[in-house]
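Asker: Pasting a structure below so you can have a look.
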Amino acid sequence: MSQEQQLLNAVDYVLSEAKRQGAEADVIVNGSNSFSLKANQGQLDEYKVSSSQVLGVRVVKDARVATSYSESLEHPSLDLMLTNALQSARFSKQDEHQTIRCVESKITTEVAEIAQQDSASVDEKIELSLALEQGVVSRPHASSSPYNGYGDSETLSIIANTQGTLCQHFERAFHCYAYTLFEKDGKQSMAGKMSLGRRFDELDSTYCIEEGYNLARDLIDGAPVATGNYPAIFHINALSSLFGAFGSAFSGVSAMKGITPLGDKLGQRIASDLITLTDAAFMANGMAIASFDSEGFASQDNILIANGQLNTLLHNSQTASYLGAVSTASASRGAKSSLDVAANHRVIATGQSSASDVKAGEYLELVELQGVHSGADAVSGDFSFGASGFLCRDGQRVQPVRGITVAGNFYKMLQEVEAVGDTQLINDSRTFFAPDVRFARLSIGGK
Amino acid sequence: MLNSVTAKAVIDHALFLGADFAELFVEHHQTNTVQIASGEVDKVNSGIDFGIGIRLFFGLKVLYGYTNSTDEAELKRVTSLLAAKDKRDQIASAGALNLNRYPVQHACRMPLSRDANLDSKIAFLLKADEAARAESEHISQFIGSVLQREQQVTIFNSEGLHVDDTRHYIRVAGNTVAQKGTEQSSGSEGPGALSGWEFSEQLDSRQLGQEIAQQALVKLGADVCPSGEMPVVIGNGFGGVIFHEACGHLLETTSVAKKASVFHDKMGEVIAHSAVSAVDDGTMTNEWGSIHVDDEGMPTQRTQLIKDGKLTSFMVDRMGGNKTGYEPTGSGRRQNYKFAPTSRMRNTFIEEGEHSLDDMLAGIERGVYAKKLGGGSVQPGTGEFNFAVREAYLIENGKITKPLKTATLISTGPKVLKEISMVGKDMALAPGMCGSVSGSVPTTVGQPTLKVDNILVGGGN
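So the sequences go chain by chain: A and B. Numbering of the first sequence is given in the working numbering, commencing with residue 1 and proceeding in unit increments. Numbering of the second sequence is given in the working numbering, commencing with residue 1001 and proceeding in unit increments.
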């Protein structure tokens, strides 16, 4: 029996059992296979092969909701999972807003780009892995490539419910990355880059090696700038991290709980009119393409901020019902988690400013942020991160900068945009698209 | 779980394919989480993870695979797939599997597998919610949760090792939001233990709610934290994250073996101020970061990392030991069967000194008292680290004067270790989750209050 058929059989079993026990339910089941390699000192250091599956159920009984999951698809394990979920639901509050709403949805993601054949041999993958490390350490002052690797994975996801919904999504992804540890005159600097693709031959190992190496080399003599306020432009990867840290600000779930200050700002100006931010379901070369959300509704594009004005938050059917809003088909739920919301691709629209306008005069180019996961308070908007980058003038890097902190308030910063570039860039993870955005002032802690 | 006959057959197969060493890590992991928000039960989640990790050594190369199946043929198939590129004549033979027994040091009276105790957990959280909201009308939200896990593992290896272990984890988390006008702030705490729900008997739910509420309230209207280099007094307990990030990760053979640690060649040398002695101890009874045996089946131990400023030991896993020549320290850990183990921290802390908080404040004209820290991260190759300050106060002329908003502290490991000039006598531990190459594992950080003479503070002024 194929893996797909095994998963479908498990789905059928759980849904029919849930119904038999008087509950409505939806299930998410994932089956995945992956392969990865790491190299060290010219040899393969790690060779990893995996195959896994997990099925998660969300039950609604007497208007009470609970979730449970199992990594075993044997019937006794699925029975136990369902029993746990139904017993847990008895303790939940009655929630008229969280129901199994998606009826008879039959969507299969049919985007050929994301499900291409893997035609590369294991030998080719090993060769790439070794070449990544060698490509780094063969360069002057590159003492090692402490982090490097190749990986590929294929994932089949099925979402189904007791209302007749059955949606399927299959995708294959490839990635490689390499970090350079650059050492010179007793100083160290480390930087790395990652390449993602939908085919093996789409991976750009040269980018990983050269861009990571060049950045580590260019930062080696970095020093703090004087403490003060500076105009700043974030590298696309750093800007993506920043928006990721404050992603919950746009969440209908956060609004429902009263923990985002944007919850009551619909229709109000929350950003400079230069900013338009969209959650896009499909982007060419994007790595978050999906035709349906985690409830089974067809994915759609959602304009979150239109010329500075808050247009909508991200909603699933529960948050939309609770807040009296229109759902944005942004339901997000892993097999092991509860119903939430998430964006697909976040896209800041291009503006009118040329590169020379955006980069006029003196500013800080922030290429790396450290501690983003811990230094951001999405409730207050306050953030403070370690950072490195370059002091620039008229688009030219004039001084490498390390050992600084960058602090500010996300919500205030959105209103202090001086210019938005006219060229779209994409982050390494291929989930965030934005031009250069110049912020008027950020507080920099340095010497 | 997996019977030892099947395990032996798979290990024999791995050695037949030419592996130097073979290991099976079998895991059955039960979880349950209950969360309240807005004074009601918001979520109840549960689940069971089950899988088997297969690790082979061919020289210094690690081959790793995993599956959810206990079927011998499937396990052998994964093993063959792993060894396909390295297959050679057999050079090692497997020892007979002998079940190792050890005394249970971290007892558990109320395990998840017996009862999830949802009534009791919900009552606890609602009490904390009530206490938090009673602190002020400005407390607009309380989100509390209890996560309980029971991880059963069986480890077999080609040296004849057969170990069973059960790890019981419990963690209570609380977050508050305070709101005044358009300004919002937050507070959080997350006590935890290697224990069952009986851990709640050590906790005062009302006090917990009050503390979290006060953290959020104190930041409402607080001044922006100053920026620049200055002296900082770091509070006890979770303040120990400074050592975790500044030094701990750099002493794991995961980075030492690759020479990706600035301390890789400093064994026996002075790397810290003489006031600093530090330990990584997996033996502390029922502490969050403790273990009976590590995820390679080796009994845990207390490892003196730094003594009076001198580097005395690294944290060493099996492969790290093979690569560096240091003896394993029972530090091989992993999140679950999906990860090969690497050297990781357990309960890591700076030992007590002799100073009081007043001693530390006395010499400071202008600085910051970082009473509570949040998480952080480090770049091992350069030692550059950062961590967030969750609750801070301004120090002026030797006195704590007013609360401050969020800030970040950054420095490098080698530098900050030499800037710690005073260590207090109020040692405390605090639980956290540590992420690294072998996933996210429970670790405890800890320290007494200590003074750092000079560190870069990233505030907003």
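We put the beta carbon where it would ideally sit given N, CA and C, even for glycine. Bear in mind the structure is a predicted one, so any value in this text is a computation, not a measurement.
I need the straight-line Cα distance from B:His1028 to A:Ala360, nearest angstrom please.
Answerer: Sequence index remark: in the second sequence, residue 1028 of chain B carries index 28 (1-based). Sequence index remark: in the first sequence, residue 360 of chain A carries index 360 (1-based). Roughly 59 Å between the two C-alpha positions.
Asker: Please state the DSSP three-state secondary structure of B:Gly1367.
Answerer: Here residue 1367 of chain B is taken as the residue at index 367 of the second sequence, counted from 1. Correct three-state label for B:Gly1367: strand.
Asker: When the Cβ atoms of the region 1370 to 1382 of chain B are set against those of the region 351 to 360 of chain A, are three or more pairs found closer than 8 Å?
Answerer: No contact exists between the region 1370 to 1382 of chain B and the region 351 to 360 of chain A.
Asker: In its own chain, which residues sit with a C-beta less than 6 Å from the C-beta of A:Ala245, not counting the 5 before and 5 after it?
Answerer: Translated into the one-based positions of the first sequence, residue 245 of chain A becomes position 245. Excluding positions up to five away in sequence, the list reads Val372, Ala376.
Asker: Taking CB distances under 9 Å as the criterion, tell me whether A:Gly445 reaches chain B.
Answerer: Locating residue 445 of chain A in the first sequence gives position 445, counting from the first residue. Judged by the 9 Å Cβ criterion, A:Gly445 is in contact with chain B.
Asker: Starting from the C-beta of A:Ala226, find all residues in its chain whose C-beta is less than 7 Å away, skip the five residues before and the five after it, and write them out in chain order.
Answerer: In the first sequence, residue 226 of chain A corresponds to position 226, counting from 1. Gly446, Lys447.
Asker: Quick check on B:Tyr1169: buried or exposed, where buried means 16 or more other Cβ atoms within 10 Å of its Cβ?
Answerer: Working through the second sequence from its first residue, we reach residue 1169 of chain B at position 169. Looking at its Cβ environment, which holds 16 or more other Cβ atoms inside 10 Å, B:Tyr1169 is buried.
Asker: Between which two residues does the beta strand (DSSP E) containing B:Asn1045 stretch?
Answerer: Here residue 1045 of chain B refers to the residue found at position 45 of the second sequence. Segment 1040 to 1058, the beta strand (DSSP E) holding B:Asn1045.
Asker: With respect to the alpha helix (DSSP H) encompassing B:Glu1074, which residues constitute its N-terminal and C-terminal limits?
Answerer: As a working note, residue 1074 of chain B is residue 74 in the second sequence. Here the alpha helix (DSSP H) through B:Glu1074 covers 1072 to 1083.
Asker: Check for me: the alpha helix (DSSP H) holding B:Gly1321 runs from which residue to which?
Answerer: Reading the second sequence from its first residue, position 321 is the one you call residue 1321 of chain B. Per DSSP, B:Gly1321 belongs to the alpha helix (DSSP H) from 1318 to 1324.
Asker: Tell me, please, whether the region 1011 to 1020 of chain B touches the region 1249 to 1269 of chain B by the rule of three or more beta-carbon pairs shorter than 8 Å.
Answerer: As far as the Cβ criterion goes, the region 1011 to 1020 of chain B does not touch the region 1249 to 1269 of chain B, which means the pair count is below three.
Asker: Taking the beta carbon of B:Gly1435 as the centre, do at least 16 other beta carbons fall within 10 Å, making it buried, or is it exposed?
Answerer: For the purposes of this step, residue 1435 of chain B is identified with residue 435 of the second sequence, where counting begins at 1. B:Gly1435 should be labelled exposed.
Asker: Taking Cβ to Cβ, would you say A:Val448 is nearer than 9 Å to A:Leu414?
Answerer: Shown here, chain A extends from 1 to 447; a query on residue 448 of chain A therefore has no answer.
Asker: Could you tell me the distance, in whole angstroms, from the CA atom of B:Ala1007 to the CA atom of B:Asp1317?
Answerer: Position 7 of the second sequence, counted from the start, is the residue given in the question as residue 1007 of chain B. Position 317 of the second sequence, counted from the start, is the residue given in the question as residue 1317 of chain B. B:Ala1007 and B:Asp1317: Cα-Cα distance of roughly 22 Å.
Asker: According to a CB-to-CB cut-off of less than 9 Å, which residues of the region 372 to 393 of chain A neighbour chain B?
Answerer: Of all residues in the region 372 to 393 of chain A, Val372, His373, Ser374, Gly375, Ala376, Asp377, Ala378, Val379, Ser380, Gly381, Asp382, Phe383, Ser384, Phe385, Gly386, Ala387, Ser388 have a Cβ within less than 9 Å of some Cβ in chain B.
Asker: According to DSSP, B:Asp1129 sits in a beta bridge with which residue or residues?
Answerer: Position 129 of the second sequence, counted from the first residue, corresponds to residue 1129 of chain B. None; B:Asp1129 has no bridge partner.
Asker: Give the C-beta separation of A:Ala216 and A:Val367 to the nearest angstrom, bearing in mind that I take them to be a contact with Cβ-Cβ under 8 Å.
Answerer: Sequence index remark: in the first sequence, residue 216 of chain A carries index 216 (1-based). Sequence index remark: in the first sequence, residue 367 of chain A carries index 367 (1-based). 11 Å between Cβ atoms; not a contact.
Asker: Are B:Gln1301 and B:Gly1321 closer than 9 Å when you measure CB to CB?
Answerer: For this step, residue 1301 of chain B is matched to residue 301 along the second sequence. For this step, residue 1321 of chain B is matched to residue 321 along the second sequence. Not a contact, by the Cβ cut-off of 9 Å.
Asker: Mind pulling the alpha helix (DSSP H) runs of 4 or more residues that sit fully within the region 60 to 129 of chain A?
Answerer: Correct list: 75 to 89.
Asker: Unbroken alpha helix (DSSP H) runs of length 4 or more, entirely within the region 291 to 365 of chain A: which are they?
Answerer: Runs of the alpha helix (DSSP H) inside the region 291 to 365 of chain A: 317 to 323, 355 to 358.
Asker: Given that a residue counts as buried once 16 or more other Cβ atoms are within 10 Å of its Cβ, and exposed if not, what is B:Ile1091?
Answerer: Along the second sequence, one-based indexing puts residue 1091 of chain B at 91. B:Ile1091 should be labelled exposed.
Asker: Could you tell me the distance, in whole angstroms, from the CA atom of A:Gly42 to the CA atom of B:Asn1336?
Answerer: The count along the first sequence starts at 1 and reaches residue 42 of chain A at position 42. The count along the second sequence starts at 1 and reaches residue 1336 of chain B at position 336. Looking at the two C-alpha atoms, the distance is approximately 29 Å.
Asker: So who's on the other strand from B:Asn1386, going by DSSP bridges?
Answerer: The count along the second sequence starts at 1 and reaches residue 1386 of chain B at position 386. Its beta-bridge partners are B:Ser1377, B:Ile1410.
Asker: Exposed or buried, what is A:His75 when buried is set at 16 or more other beta-carbons lying within 10 Å of its beta-carbon?
Answerer: What you label residue 75 of chain A is simply residue 75 of the first sequence in a count that begins at 1. A:His75 comes out exposed.
Asker: Given the structure, does A:Ile220 come close to the ligand ADP, in the sense that its CB is under 8 Å from one of the ligand's heavy atoms?
Answerer: As far as ligands go, the structure on display features none, and thus does not contain the ligand ADP.
Asker: Give me whichever residues DSSP pairs with A:Met194 in a beta bridge.
Answerer: Looking up residue 194 of chain A in the first sequence gives position 194. A:Tyr177, per the DSSP bridge assignment.
Asker: Going by DSSP, which residues form a beta bridge with A:His169?
Answerer: To locate residue 169 of chain A, count along the first sequence from 1; it is residue 169. A:Ser157, per the DSSP bridge assignment.
Asker: With 9 Å as the C-beta to C-beta threshold (strictly closer), list the residues of the region 77 to 88 of chain A near chain B in chain order.
Answerer: Residues Ser77, Leu80, Met81, Asn84, Ala85, Gln87, Ser88.
Asker: Using the beta-carbon count (16 or more within 10 Å), is A:Val398 buried or exposed?
Answerer: Taking the first residue of the first sequence as position 1, residue 398 of chain A is located at position 398. A:Val398 is exposed by the Cβ-count criterion.
Asker: Does the structure place the region 1182 to 1196 of chain B close enough to the region 1287 to 1298 of chain B that three or more beta carbon pairs sit under 8 Å?
Answerer: Yes, since at least three Cβ pairs between the region 1287 to 1298 of chain B and the region 1182 to 1196 of chain B fall closer than 8 Å, the two stretches touch.
Asker: Taking A:Glu416 as the query, report the chain B residues whose CB atoms sit under 7 Å from its CB, ordered along the chain.
Answerer: What you label residue 416 of chain A is simply residue 416 of the first sequence in a count that begins at 1. The contacting residues do not exist; A:Glu416 stays about 13 Å from chain B at best.
Asker: Check for me: the beta strand (DSSP E) holding A:Ser384 runs from which residue to which?
Answerer: As a first step, residue 384 of chain A must be located in the first sequence, where it is residue number 384. It spans 382 to 393 - the beta strand (DSSP E) in which A:Ser384 sits, taken as one unbroken run.
Asker: If you run the structure through DSSP and keep just helix, strand and coil, what is B:Ile1242?
Answerer: Mapped onto the second sequence, residue 1242 of chain B falls at position 242. Three-state DSSP puts B:Ile1242 in a helix.
Asker: So within the region 1173 to 1250 of chain B, which uninterrupted beta strand (DSSP E) runs reach at least 3 residues, ignoring any that extend past its ends?
Answerer: Fully enclosed beta strand (DSSP E) runs of 3 or longer: 1183 to 1189, 1228 to 1234.
Asker: If you count every other CB in all the chains shown that lies within 10 Å of the CB of B:Ala1084, and 16 or more means buried, which is it?
Answerer: Residue 1084 of chain B sits at position 84 when you count from the first residue of the second sequence. Exposed: under 16 other Cβ atoms inside 10 Å.
Asker: Examine chain A for any beta-carbon lying closer than 9 Å to the beta-carbon of B:Ile1122, and answer yes or no.
Answerer: Counting from 1 along the second sequence, the entry for residue 1122 of chain B is found at position 122. So, interface residue.
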